[in-house]
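Q: Going by this note's numbering, the sequence shown opens with residue 304, and the numbers climb by one from there. Beta carbons: idealized from backbone N, C-alpha and C, even for Gly. Attaching a single structure in structure tokens format; questions to follow.
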Amino acid sequence: MHREMGGSFMFTRPGLALTRLCLTSLGFTVLAVGLSAPAQAHEERPAEFPDGTGSVPEYRPYPAPDRLVVCRPDTGKRIASYAGELRAKNQALLAECAYHSIQDAIDDVQVRDSTIYVLPGAYTEDKHADKKPSEYCANLRTSSDSPLDHAQYIGSMPAREGAQAQAQAEDPGPIAISYADQLKCPHNLNLIAILGDRTPDNDSIACDSQWCGLQIEGTGRTPEDVVVDNRFRKLNAIRADRADGVYFRNFTVQQAEFNALYVLETDGFVAEHMTARANDEYGILAFASDHGLIQHVDGYYNGDSAIYPGSASDLNADNPNFEPTRYAVEIRHNKMHHNALGYSGTAGNSVHAHHNEISDNGLGMATDSIFPGHPGLPQDHARFSHNEIYRNNVNYYQKYVFTGACDKPFAERGYLDGVVCPVLPMPVGTGILIAGGNFNSVDNNTIYDNWRYGTMQFWAPAPLRDEYDPTKLYDTSHHNRYQNNSLGFAPGGAKAHNGLDFWWDDEGAGNCWSSNTSSHGQPTSNATLPLPACATGGSAFTPGMPVKDAGFLGCTQYNRDDPTWRKPPACEWLDSPERPSGSEAYRPAGRTTPLNGPGLLGVSDALVLALLAVASLVAGRHWRDGRRRSGLLRRGGSVLWR
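Set out below in structure tokens:
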């Protein structure tokens, strides 16, 4: 935890000494909660946002002029079942095939804007996965020429166990390595690596090599015809790092410990017509990137989320208006189902997620300001619109974590068969969660059959993200708008109630709810007073209700690898909500199959309640409309995923 926690704040103005006491107590509460369930975390170098001069890359249709072709020994048999133009194209490309490894083709790229065609087959990249590291790469912890000054911890990763522990019985070296060491040791952490910046010693993170604008495209009938299978041998299956203009299309990526597809510090990227499945944590994760587009992706069986645009470029950090200047990442026309979360994004700033189908997860969509170290905190200016968010009731905690199924080595858990091991605690049965965010729009969505809450919003106390400036304690969950949403109605008009349409902890200024329709007649909520309308300016500032917020802190004790803390006693988020009475049968909109879903948020421990109450009463202050946030991204700022 932060070195200031426990009482090093110094104030001179009257009354702030008491505030110090309350914040210190709150800090100790968070500390106690966090340390009761210790977990290791992924590490990454400090990241920074691109300069924003790039653009969303355009697709290069077949046949691309500068191309390389990859195939497998059985590709000919696979394409023999194709017909017509698809078969002819693949046969022509097969005649050009010069590589059996995707990485070999990447390494051979000579000019910018090259295209790599990957023919049908399974690509395990054994040559690179099994290659013994050089003496330098095997000893980065002690012998790196470019060591990091400090390590940043990314998210919540379980302690290595089973096959992973055996494979890494000897010191594998650090997970957080500098970009220069990524260049020298691309396969320490990655099955496939695209590294576009070849001058790591200068001040620019821009792509400056022949790997800029690289397009990798599977040539099968569906994404499942071309499979990149990491088999849990590397942390990430595909890493695109400072790879401006990269384009991924029409293939499957699976079985990664961290990310199936990982895009970092990249200005301009597309991932489309892809499948991201059976990963311990994330399907597609983009971080500290700009001008991104993720579309027509099928993401399932992921222990965190199918799609994660975390710390997207914070383009609107200084924008005091509700409307963003532009978006950094667009996410559209995707299917996110049967994951712990469909969509998630700590510091998911300036993201537009629309026209997605999000169903049969533990939780549908979440954005937050909870986890420390992400560039661009607190989160702001995302828009979630025209999504269909339904039946997110699957209790993977009860099905797999509590039963011990997640204790096995990754490769033996059955991820490809549908086992999901949630990394984090989430309120099962919830459609959309904003856990500390500002200026977000939740509009024109169809949200139904989520048995706990349709939407949920609560503030994230700044100390949770290692921010100890007392003036920032309540700097999240302001100016969020919920408008024109359909709640509890399935396609065709059948009633499929949400457990509660809107859950709010009453904190924040400028939050509003207008023109929403509900299967209950009027939208249901737990708000202390009637939900404020947008036409009147939304809510006046009040601190969060401690009795509501305490449940969140109780759940932070969750640790899937600790038999004691798999089910924290103060956390009811992991219980299965009951199906709301009065719901009717309906035909699902999409192709995903219903699963038995996983009570309501309960009162947590009295000490947490008391400390939160005192902190709310003493440190509460009015949020000024139009106030600019401080503490924005510093170039080279720290990185921390959940």
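Consult DSSP for Leu492 and reduce its assignment to one of helix, strand or coil.
A: The answer is coil: DSSP assigns Leu492 none of H, G, I, E or B.
Q: Could you check if Met848 is buried or exposed, using at least 16 other CB atoms within 10 Å of its CB as the buried criterion?
A: Buried, since its Cβ has 16 or more Cβ neighbours within 10 Å.
Q: Pair every Cβ in the region 760-779 with every Cβ in the region 722-731, then say whether three or more of these pairs are closer than 8 Å.
A: Judged by Cβ distances under 8 Å, the region 760-779 makes no contact with the region 722-731, as fewer than three pairs qualify.
Q: Do you know offhand how far Gln825's Cα is from Ala631's?
A: C-alpha separation (whole angstroms): 35 Å.
Q: Just how far apart, CA to CA, sit Ile610 and Cys440?
A: Using only the alpha carbons, I get a separation of about 31 Å.
Q: Under DSSP, the beta strand (DSSP E) around Pro612 begins and ends at which residues?
A: From DSSP, the beta strand (DSSP E) with Pro612 extends over Ser608 to Gly613.
Q: Using a 10 Å radius around the Cβ and a threshold of 16 neighbouring Cβ atoms, would you call Gly651 buried or exposed?
A: Buried, since its Cβ has 16 or more Cβ neighbours within 10 Å.
Q: Rounded to the nearest angstrom, what separates Asn747 and Ile478 at their Cα positions?
A: Near 42 Å, if we compare the C-alpha coordinates of Ile478 and Asn747.
Q: Count the other CB atoms within 10 Å of the CB of Gly676; is the residue buried (16 or more) or exposed (fewer)?
A: With 16 or more Cβ atoms within 10 Å of its Cβ, Gly676 is classed as buried.
Q: Does DSSP put Gln394 in a helix, in a strand, or in coil?
A: Gln394 falls in the helix class under three-state DSSP.
Q: Where do the N-terminal and C-terminal ends of the alpha helix (DSSP H) with Val850 fall, by residue?
A: Where Val850 is concerned, the enclosing alpha helix (DSSP H) stretches over Pro849 to Cys858.
Q: For Gln786, write down the residues that DSSP places opposite it in a beta bridge.
A: DSSP, once it has assigned bridges, lists Asp746 and Ser817 as partnering Gln786.
Q: Please classify Asn814 as buried or exposed, where buried requires at least 16 neighbouring CB atoms within 10 angstroms.
A: Under this definition Asn814 is a buried residue.
Q: Let's test the definition: count the other Cβ atoms within 10 Å of the Cβ of Tyr365 and tell me whether it reaches 16, buried, or not, exposed.
A: When all chains shown are included, Tyr365 counts as exposed.
Q: By the three-class DSSP mapping on this structure, what secondary structure does Asn582 have?
A: Asn582 falls in the strand class under three-state DSSP.
Q: Going by other Cβ atoms of all chains shown within 10 Å of its Cβ, with 16 needed for buried, is Pro360 buried or exposed?
A: The residue in question, Pro360, is buried, as its Cβ has 16 or more Cβ neighbours within 10 Å.
Q: Here's the rule I'm using: 16 or more other beta-carbon atoms within 10 Å means buried, otherwise exposed. How should Arg381 be labelled?
A: So Arg381 ends up on the buried side.
Q: Determine the direct distance from the alpha carbon of Asn505 to that of Val723, and round the result to whole angstroms.
A: Those two C-alpha atoms are separated by around 42 Å.
Q: In the DSSP assignment, what residue or residues form a beta bridge with Lys638?
A: According to DSSP, Lys638 bridges with Asp601 and Glu660.
Q: I need the DSSP call for Ala738, collapsed to helix, strand or coil.
A: Ala738 falls in the strand class under three-state DSSP.
Q: In this structure, how does DSSP classify Lys798 when only helix, strand and coil are distinguished?
A: Of the three classes helix, strand and coil, the one that applies to Lys798 here is strand, per DSSP.
Q: Just to confirm the assignment, what range does the alpha helix (DSSP H) spanning Tyr482 have?
A: Its alpha helix (DSSP H) spans residues Tyr482 to Lys487.
Q: Give the single residue among Met639, Gly665 and Asp710 whose Cα lies nearest to the Cα of Asn690.
A: Looking at the Cα atoms, Met639 is the closest of the given residues.
Q: Among Leu517, Arg501 and Tyr482, which has the Cα closest to the Cα of Thr418?
A: Comparing Cα-Cα distances from Thr418 to each of Leu517, Arg501 and Tyr482, the minimum goes to Leu517.
Q: Please report the distance separating the alpha-carbon of Val333 from that of Thr859.
A: With a pLDDT of only 42 at Val333, under 50, the local geometry of the prediction cannot be trusted, and no value is derived from it.
Q: Quick check on the burial criterion: 16 or more other C-beta atoms within 10 angstroms. Buried or exposed for Thr831?
A: Result: exposed.
Q: Since I believe Gly548 is in contact with Cys515 (beta carbons under 8 Å), could you give me their beta-carbon distance rounded to a whole number of angstroms?
A: With 8 Å as the limit, Cys515 and Gly548 qualify as a contact, their Cβ atoms being about 5 Å apart.
Q: Any contact of the region 688-704 with the region 656-672, i.e. 3+ C-beta pairs under 8 Å?
A: Segments in contact, yes.
Q: Which residue from Asp769, Asp752 and Glu770 puts its Cα closest to that of Ala799?
A: Here the closest residue by C-alpha is Asp752.
Q: Leaving aside the five residues before and after Gly679 along the sequence, list all residues of the same chain whose C-beta is less than 8 Å from its C-beta, in chain order.
A: Once the five neighbours on either side are set aside, the close Cβ partners of Gly679 are Phe352, Ser614, Ala615, Ser616, Asp617, Ala620, Ala650, Asn652, Leu935 and Leu936.
Q: By the 10 Å Cβ neighbour count, where 16 or more other Cβ atoms means buried, how is Val412 classified, buried or exposed?
A: Buried, by the Cβ-count rule.
Q: Give me the Cα-Cα distance between Ala643 and Arg784, rounded to the nearest whole angstrom.
A: Taking the straight line from one Cα to the other gives about 26 Å.
Q: Measure the CB-CB distance between Phe625 and Gly595 and report whether it falls below 7 Å.
A: No; because the gap between Cβ atoms is not below 7 Å, this pair is not in contact.
Q: Report the rounded CA-to-CA distance for Ile673 versus Ala793, giving the unit in angstroms.
A: Going by the C-alpha atoms only, they are around 32 Å apart.
Q: Do you know offhand how far Ala708's Cα is from Gln406's?
A: Going by the C-alpha atoms only, they are around 34 Å apart.
Q: What are the start and end residues of each continuous alpha helix (DSSP H) run of 4 or more residues lying completely inside the region 401-439, in chain order?
A: Qualifying alpha helix (DSSP H) stretches, in chain order: 405-410 and 429-432.
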